[in-house]
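As they're listed, the protein sequences go chains V and X. Numbering that gives the first Met the number 0 numbers the first residue of the first sequence as 0 and each following residue consecutively. Numbering that gives the first Met the number 0 numbers the first residue of the second sequence as 0 and each following residue consecutively. Positions of the beta carbon are idealized from the N, C-alpha and C atoms, including for glycine. Heads up, the thing below is written out as structure tokens.
Number of protein chains: 2
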Amino acid sequence: MNTSTSPHAQLVGKPVHDIDTPALVIDLDAMKRNLGRMSEFAKKHHIRWRPHAKMHKSVLLAKMQIRAGAIGICVQKTAEAEIMVAGGIHNIYISNQVIAKSKLARVAMLTQAVAPHGGQIAIAVDSLEGVTRLAEAMTEARTTARNNGMSSAPTVIDVFVEIDIGQARCGVDSGVAAVMLALEIRKHPALRFAGLQAYHGKAQHIRSAQERRVAIASAVDAVVMTRQFIESKGIQAGLVTGSGTGSMVLEAASGVYGELQAGSFMFMDADYAQNERDPAQPQFEQALYVKTQVISVHSDHVVCDAGHKSHAIDSGMPKVHFFGAQSELDYFNGGDEHGILRCAAGSTRLPGLGQMLWLVPGHCDPTVNLHDVMIGVKGGLRHGTVDRLISVDARGALT
Amino acid sequence: MNTSTSPHAQLVGKPVHDIDTPALVIDLDAMKRNLGRMSEFAKKHHIRWRPHAKMHKSVLLAKMQIRAGAIGICVQKTAEAEIMVAGGIHNIYISNQVIAKSKLARVAMLTQAVAPHGGQIAIAVDSLEGVTRLAEAMTEARTTARNNGMSSAPTVIDVFVEIDIGQARCGVDSGVAAVMLALEIRKHPALRFAGLQAYHGKAQHIRSAQERRVAIASAVDAVVMTRQFIESKGIQAGLVTGSGTGSMVLEAASGVYGELQAGSFMFMDADYAQNERDPAQPQFEQALYVKTQVISVHSDHVVCDAGHKSHAIDSGMPKVHFFGAQSELDYFNGGDEHGILRCAAGSTRLPGLGQMLWLVPGHCDPTVNLHDVMIGVKGGLRHGTVDRLISVDARGALT
Numbered sequence: 000m001n002t003s004t005s006p007h008a009q010l011v012g013k014p015v016h017d018i019d020t021p022a023l024v025i026d027l028d029a030m031k032r033n034l035g036r037m038s039e040f041a042k043k044h045h046i047r048w049r050p051h052a053k054m055h056k057s058v059l060l061a062k063m064q065i066r067a068g069a070i071g072i073c074v075q076k077t078a079e080a081e082i083m084v085a086g087g088i089h090n091i092y093i094s095n096q097v098i099a100k101s102k103l104a105r106v107a108m109l110t111q112a113v114a115p116h117g118g119q120i121a122i123a124v125d126s127l128e129g130v131t132r133l134a135e136a137m138t139e140a141r142t143t144a145r146n147n148g149m150s151s152a153p154t155v156i157d158v159f160v161e162i163d164i165g166q167a168r169c170g171v172d173s174g175v176a177a178v179m180l181a182l183e184i185r186k187h188p189a190l191r192f193a194g195l196q197a198y199h200g201k202a203q204h205i206r207s208a209q210e211r212r213v214a215i216a217s218a219v220d221a222v223v224m225t226r227q228f229i230e231s232k233g234i235q236a237g238l239v240t241g242s243g244t245g246s247m248v249l250e251a252a253s254g255v256y257g258e259l260q261a262g263s264f265m266f267m268d269a270d271y272a273q274n275e276r277d278p279a280q281p282q283f284e285q286a287l288y289v290k291t292q293v294i295s296v297h298s299d300h301v302v303c304d305a306g307h308k309s310h311a312i313d314s315g316m317p318k319v320h321f322f323g324a325q326s327e328l329d330y331f332n333g334g335d336e337h338g339i340l341r342c343a344a345g346s347t348r349l350p351g352l353g354q355m356l357w358l359v360p361g362h363c364d365p366t367v368n369l370h371d372v373m374i375g376v377k378g379g380l381r382h383g384t385v386d387r388l389i390s391v392d393a394r395g396a397l398t
Numbered sequence: 000m001n002t003s004t005s006p007h008a009q010l011v012g013k014p015v016h017d018i019d020t021p022a023l024v025i026d027l028d029a030m031k032r033n034l035g036r037m038s039e040f041a042k043k044h045h046i047r048w049r050p051h052a053k054m055h056k057s058v059l060l061a062k063m064q065i066r067a068g069a070i071g072i073c074v075q076k077t078a079e080a081e082i083m084v085a086g087g088i089h090n091i092y093i094s095n096q097v098i099a100k101s102k103l104a105r106v107a108m109l110t111q112a113v114a115p116h117g118g119q120i121a122i123a124v125d126s127l128e129g130v131t132r133l134a135e136a137m138t139e140a141r142t143t144a145r146n147n148g149m150s151s152a153p154t155v156i157d158v159f160v161e162i163d164i165g166q167a168r169c170g171v172d173s174g175v176a177a178v179m180l181a182l183e184i185r186k187h188p189a190l191r192f193a194g195l196q197a198y199h200g201k202a203q204h205i206r207s208a209q210e211r212r213v214a215i216a217s218a219v220d221a222v223v224m225t226r227q228f229i230e231s232k233g234i235q236a237g238l239v240t241g242s243g244t245g246s247m248v249l250e251a252a253s254g255v256y257g258e259l260q261a262g263s264f265m266f267m268d269a270d271y272a273q274n275e276r277d278p279a280q281p282q283f284e285q286a287l288y289v290k291t292q293v294i295s296v297h298s299d300h301v302v303c304d305a306g307h308k309s310h311a312i313d314s315g316m317p318k319v320h321f322f323g324a325q326s327e328l329d330y331f332n333g334g335d336e337h338g339i340l341r342c343a344a345g346s347t348r349l350p351g352l353g354q355m356l357w358l359v360p361g362h363c364d365p366t367v368n369l370h371d372v373m374i375g376v377k378g379g380l381r382h383g384t385v386d387r388l389i390s391v392d393a394r395g396a397l398t
């Protein structure tokens, strides 16, 4: 959205105290430190990074990531890619299957839109029919461009073969099935086999560092075996792309992955905070909060004005951020527009009517998607100032 | 949003088949039958109805409800009320606690905005401080209006005392605590004591019809007792407002409730479908769907393009709508952008790549809030036509 029409538009320059509730607030200082840590980590491990913009859905933050060294961004949806291209991001990987003919036509148009900027669109596939459909869309777009007298060179899309390395969602089996797809991709002049999409979403949230190591070791074995199969056919195996914030140190150390897709590191959330930290993992800080206010006070609980229309609860309830001066509180589901807060073990004092509280959402991605703007704060949550509003440009971009 | 800028804008007049996925689709025929059933039910029981617009968040649907006989609408947030007033709805009850001074100033301004239209704003309170803050905001708005030379009569806000009748969220205890608030409200000339807010959110989702009867009987006892307390102080007890789709037949039959707030009946959802139906309950039909498409096919599951950024999962996973011709499928959580579908017991045939499917969301309210537009269809989901796009005007209106 145009941030000037946001109900929070008048907040820039004002103290944090003035932010009306509930609202999504970014600690910009913490976010920038997280960005610096990621950039440094990638340099140290000689690995490129392409953060997932499905998390923040913001053109501004995507550009900030690219300035910090990211090679481009990932998105999950064609509509997200369109919004990012319109915002001036030209190196985009749609790390998902796109099957509808109408969407593939849009993807093909995006390859033409970014070409004059030296950009490149990439996409994932996990079926022969998916490859055929993509090739048809690219060919049609080329024909249309030629018929319209466009003189530029025909565009090519980078295609990653998605393999299932343990998530049991999308992706072909590792090994020979992936080779079949690579061979099919190479038949089509508008498609360029770019390597393997090997993302293990479940591994990101395994609590034990040792168990994460086991899961990613098994994933890496599958990737190595698949690469060998591909190379045995005389095909350049290309890039291996994948990983997320929870397991990035493992893929980075694997020697096989060439690109990290981690995105949550920018904001973090209560779910990632429960992971046992790998010693090699950068110390990412919480940067995303929902500010809320107590609107009803009772003897054994209080009620705040942030329910699950303010924060996603797919990965559990939010945690109440603890400043030290107040009692620790536990958040219980109070429905769409309410949160119920009770004293945590060892605490006795409930907050009063009107008191402001800060929630750490369970899951950053779908929480951001509930808001039109993120309110960027500098100088901390207690005494800081609203620095800028950040538009969630691709909020609700589902198709 | 302006529906003309929606990515679905070109769909009007097109067959249902053309709707890109994932998308929120309303079966307008079913919705209108639901509306007719509610209207008839209220007439038969001589009870007024004020449906909760937090469910659909649409000015258009609010107006349709008022044309069908609703006295006005409920909302949960000040920002929702503002959007509804801007859209021309002038009889609005904010059935929630509003505590922030800045928000109360906005509420007071709304009372002035609707007055020239013969409208009325109402609000709930559950604390003495809440009453005081509201009175201050109303007084300030009156002073400002007078200083600005506005000649119209000073506005009054209707105030309902919220009592806790079993949900253990907001609301004072029934009985004497409610009387204290009624007395306090009556001290302030800009506030008018309007009655009791007595809403039992939990009771809506009790599966057994008999257990719902027990829960609402206990709620009605608390309401009757509180009214007696109030009347014993020589105060007109006013209106009792509350109820939802799950228990509306019980409040309607109570002889105590004067107004039903049920809203979900328009769309229904998979959660309400699990309630054992009370024989007196109108036969509301499912009218809200998420259209989705299979994007990845495997031996034991397929993956569709609707995850929990397309539908809320706070009340459980969506159900796959069963047309009779296809296998029955179970939906499993596949994350933000994917759903995993497996054959239900007794079924063996998985759908193919590209097949369109229809999901019945677990919970209608927060599902609608994820979308900018609802795609209204006439003539059924299989062979129907897109009739219109309905803007989710108050989507994300949190403050």
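**Request:** Ignore the nearest five residues each way along the sequence and tell me which others in E183/V's own chain have a CB closer than 6 Å to its CB.
**Result:** Numbered from its first residue, the first sequence carries residue 183/V at position 184. Contacts found: L127 and V130.
**CB of A208/V within 9 Å of CB of V155/V, strictly** = Here residue 208/V refers to the residue found at position 209 when the first sequence is read from its first residue. Here residue 155/V refers to the residue found at position 156 when the first sequence is read from its first residue. Result no, Cβ atoms of A208/V and V155/V do not sit closer than 9 Å.
**Asked** My guess is that I263/V and Y271/V are in contact by the Cβ rule of under 8 Å, so how many angstroms apart are they, rounded?
**Response** Here the question's residue 263/V lines up with position 264 in the first sequence. Here the question's residue 271/V lines up with position 272 in the first sequence. The amino acid occupying residue 263/V in the given sequence is Ser; Ile does not appear at that position. Sure, about 6 Å apart at Cβ, within 8 Å.
**Request:** Look at the alpha carbon of T110/V and the alpha carbon of C73/V, and state the distance between them as a whole number of angstroms.
**Result:** As a position in the first sequence, residue 110/V is number 111, starting the count at 1. As a position in the first sequence, residue 73/V is number 74, starting the count at 1. Spanning the two alpha carbons is a distance of roughly 15 Å.
**Request:** Please classify D335/X: is it buried, with 16 or more other beta-carbons within 10 angstroms of its beta-carbon, or exposed?
**Result:** For the purposes of this step, residue 335/X is identified with residue 336 of the second sequence, where counting begins at 1. Looking at its Cβ environment, which holds 16 or more other Cβ atoms inside 10 Å, D335/X is buried.
**Prompt:** Who are the neighbours of Q75/V on chain X, taking C-beta pairs under 8 Å?
**Reply:** By one-based count along the first sequence, residue 75/V stands at place 76. Residues of chain X passing the Cβ test: D335 and E336.
**Request:** Using a Cβ-Cβ cut-off of 9 Å, state whether N95/V counts as contacting chain X.
**Result:** For the purposes of this step, residue 95/V is identified with residue 96 of the first sequence, where counting begins at 1. Using a Cβ-Cβ cut-off of 9 Å, N95/V counts as an interface residue toward chain X, since at least one Cβ of chain X sits closer than that to its own.
**Asked** For Y288/X, which beta-bridge partners are listed by DSSP?
**Response** Taking the second sequence and counting its residues from 1, one reaches residue 288/X at position 289. When DSSP reads this structure, Y288/X sits in a beta bridge with V24/X.
**Message:** Can you give me the C-alpha to C-alpha distance between R145/X and E135/X, rounded to a whole angstrom?
**Reply:** Counting from one through the second sequence, the residue named residue 145/X turns up at place 146. Counting from one through the second sequence, the residue named residue 135/X turns up at place 136. Cα to Cα, R145/X sits roughly 15 Å from E135/X.
**Prompt:** Taking 9 Å as the CB-CB cut-off, is R394/V touching chain X?
**Reply:** Locating residue 394/V in the first sequence gives position 395, counting from the first residue. It does: the Cβ of R394/V has a partner Cβ on chain X nearer than 9 Å.
**Prompt:** What's the C-alpha gap between V376/V and Q354/V?
**Reply:** Taking the first residue of the first sequence as 1, we reach residue 376/V at position 377. Taking the first residue of the first sequence as 1, we reach residue 354/V at position 355. Between V376/V and Q354/V, the C-alpha separation is close to 19 Å.
**Item:** Contacts of V441/V in chain X (Cβ-Cβ under 7 Å)
**Value:** Outside the modelled stretch of chain V, which goes from 0 to 398, sits residue 441/V, for which no answer is possible.
**Request:** Report the neighbours of I415/X on chain V: residues whose CB is nearer than 7 Å to its CB, in chain order.
**Result:** With chain X covering 0 to 398 only, the question about residue 415/X has no answer from this structure.
**Prompt:** Do V289/X and I339/X have their C-beta atoms within less than 9 Å of each other?
**Reply:** On the second sequence, position 290 is the one that residue 289/X refers to. On the second sequence, position 340 is the one that residue 339/X refers to. Against a cut-off of 9 Å, the Cβ pair of I339/X and V289/X comes out as no contact.
**Prompt:** Where does the unbroken beta strand (DSSP E) through C363/V begin, and where does it stop?
**Reply:** Stepping through the first sequence from its first residue, residue 363/V is reached at position 364. Element bounds for C363/V: not the beta strand (DSSP E) but the alpha helix (DSSP H), C363 to V367.
**Asked** What residues from chain X crowd round H45/V, counting only those whose CB sits closer than 9 Å?
**Response** Locating residue 45/V in the first sequence gives position 46, where the first residue counts as 1. Listed along the chain, the chain X residues whose CB falls inside 9 Å of the CB of H45/V amount to none; the nearest CB is some 30 Å away.
**Request:** Apply the 10 Å Cβ neighbour rule to M149/X and answer buried if 16 or more other Cβ atoms are within range, or exposed otherwise.
**Result:** Walking along the second sequence from the start, residue 149/X turns up at place 150. Around the beta carbon of M149/X, a 10 Å sphere encloses fewer than 16 other beta carbons of the protein chains shown; the residue is thus reported as exposed.
**Request:** State the CB to CB distance for the pair M267/V and C342/V, rounded to an integer number of angstroms; the pair is presumed to be in contact (CB under 8 Å).
**Result:** Taking the first sequence and counting its residues from 1, the one referred to as residue 267/V is at position 268. Taking the first sequence and counting its residues from 1, the one referred to as residue 342/V is at position 343. 25 Å between Cβ atoms; not a contact.
**Message:** Does R348/X come out as helix, strand or coil in the three-state DSSP assignment?
**Reply:** The count along the second sequence starts at 1 and reaches residue 348/X at position 349. Correct three-state label for R348/X: coil.
**Prompt:** Does any residue of chain X bring its CB to less than 9 Å from the CB of D329/V?
**Reply:** As a working mapping, residue 329/V is identified with position 330 in the first sequence. Contacts with chain X at 9 Å (Cβ-Cβ) do not include D329/V.
**Request:** Flag this pair as yes or no: are the beta carbons of S298/V and L23/V separated by less than 9 Å?
**Result:** Working through the first sequence from its first residue, we reach residue 298/V at position 299. Working through the first sequence from its first residue, we reach residue 23/V at position 24. Result no, Cβ atoms of S298/V and L23/V do not sit closer than 9 Å.
**Message:** Using CA atoms only, rank isn't needed, just tell me which of D313/X, D329/X and V296/X is closest to T366/X.
**Reply:** Translated into positions along the second sequence, residue 366/X becomes position 367. Here the closest residue by C-alpha is D313/X.
**Request:** In the DSSP assignment, find the beta strand (DSSP E) that holds E161/X and state where it starts and stops.
**Result:** Translated into positions along the second sequence, residue 161/X becomes position 162. I156 to E161 is the extent of the beta strand (DSSP E) around E161/X.
**Request:** Could you tell me the boundaries of the alpha helix (DSSP H) in which G129/V lies?
**Result:** Sequence index remark: in the first sequence, residue 129/V carries index 130 (1-based). DSSP places G129/V inside the alpha helix (DSSP H), whose first and last residues are L127 to N146.
**Message:** For chain V, check one thing: does any of its Cβ atoms lie closer than 9 Å to the Cβ of P14/X?
**Reply:** Taking the first residue of the second sequence as 1, we reach residue 14/X at position 15. For P14/X, the nearest beta carbon of chain V is not closer than 9 Å to its own beta carbon.
**Message:** Let's see if you can read the secondary structure: which residues bound the alpha helix (DSSP H) around Y92/X?
**Reply:** Along the second sequence, read from residue 1 onward, the residue named residue 92/X stands at position 93. Not the alpha helix (DSSP H): Y92/X falls in the beta strand (DSSP E), residues N90 to I93.
**Item:** Cβ neighbours of P14/V in the same chain (closer than 8 Å, five flanking residues each side left out)
**Value:** Start at 1 with the first residue of the first sequence, and residue 14/V comes out as number 15. These residues qualify, in order along the chain: H382, G383, T384 and V385.
**Message:** Given a cut-off of 9 Å on the beta-carbon distance, is the pair T291/V and P115/V in contact?
**Reply:** Counting from 1 along the first sequence, the entry for residue 291/V is found at position 292. Counting from 1 along the first sequence, the entry for residue 115/V is found at position 116. No, they are not a contact pair.
**Request:** On the DSSP bridge assignment, give the partners of Q412/V in chain order.
**Result:** Any property of residue 412/V remains undetermined from this structure, which presents chain V solely from 0 to 398.
**Request:** Rounded to whole angstroms, what's the CA-CA distance from R36/X to F283/X? Just pull it up for me.
**Result:** In the second sequence, counting from the first residue as 1, residue 36/X sits at position 37. In the second sequence, counting from the first residue as 1, residue 283/X sits at position 284. CA-to-CA, the gap between R36/X and F283/X works out to about 7 Å.
**Prompt:** Are A214/V and G241/V touching if we call contact CB-CB under 9 Å?
**Reply:** Here residue 214/V is taken as the residue at index 215 of the first sequence, counted from 1. Here residue 241/V is taken as the residue at index 242 of the first sequence, counted from 1. Contact annotation: A214/V and G241/V have beta-carbon atoms that are not nearer than 9 Å.
**Message:** Using the Cβ count rule (16 or more neighbours within 10 Å means buried), how would you classify N33/X?
**Reply:** Sequence index remark: in the second sequence, residue 33/X carries index 34 (1-based). Of the residues assessed, N33/X falls on the buried side of the cut-off, its CB having 16 or more other CB atoms within 10 angstroms.
**Secondary structure, beta strand (DSSP E): runs of 3+ residues fully inside the segment 59-91 of chain X** = The segment 59-91 of chain X contains these whole beta strand (DSSP E) runs: 72-74.
**Which residues DSSP lists as bridging Y256/X, in chain order** = Taking the first residue of the second sequence as position 1, residue 256/X is located at position 257. BP columns for Y256/X are empty, so no partner.
**Prompt:** Does the beta carbon of D364/V come closer than 9 Å to any beta carbon on chain X?
**Reply:** Residue mapping note: residue 364/V aligns to position 365 of the first sequence, counting from 1. Yes, because at least one Cβ of chain X sits closer than 9 Å to the Cβ of D364/V.
**Item:** Straight-line gap, A261/X to I70/X (C-alpha atoms, nearest Å)
**Value:** What you label residue 261/X is simply residue 262 of the second sequence in a count that begins at 1. What you label residue 70/X is simply residue 71 of the second sequence in a count that begins at 1. Note on geometry: alpha-carbon atoms of A261/X and I70/X lie some 13 Å from one another.
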